[in-house]
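To convert, take the position in the sequence shown, counting from 1, and add 135; that gives the working numbering.
Quick reminder that beta carbons are idealized off the backbone N, C-alpha and C, glycines included.
Notes to accompany the following structure.
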Amino acid sequence: MEVGVRDLKTNLSRYLKRASSGEVITVTDRGRAVASLGPAYGEIDLAAAADEGWITLPVRSGFTSVKRHKARHLISSILEEDRAR
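Structure (structure tokens):
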């Protein structure tokens with residue numbers, strides 16, 4: 136189904152309801168297709184995606200720790216110096 140921008144704006148709720156039920160709606164501007172409106176994608180089954188080879192699952196879980204570094208100067212003194220330039 137095709138719908139013009141003006142009609143889409145006027146009847147947005149109606150078209151969103153149709154899209155959520157599975158219909159794909161092509162939005163046109165002066166007769167030229169500019170967007171598609173359709174149902175939202177569901178969650179991806181990561182295990183199945185990995186089995187099919189289009190993603191690689193992480194080897195480790197969680198985050199790696201980050202080594203903290205001590206600053207040599209206070210931020211306020213760096214800002215003062217920068218603003219004085």
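- Please state if the CB of S148 and the CB of P174 are separated by a distance shorter than 8 Å. no
- From R153, D164, K152, residue whose alpha carbon lies closest to that of R141: D164
- Using 10 angstroms around the beta-carbon of Y285, count the other beta-carbons present and answer buried if the total reaches 16, otherwise exposed. The structure shown does not extend to residue 285, since the chain spans only 136 to 220, so no value can be given for it.
- Query: For E158, which option in G188, S211, L172 has the closest C-alpha, if you only look at C-alpha atoms?
  - Reply: L172
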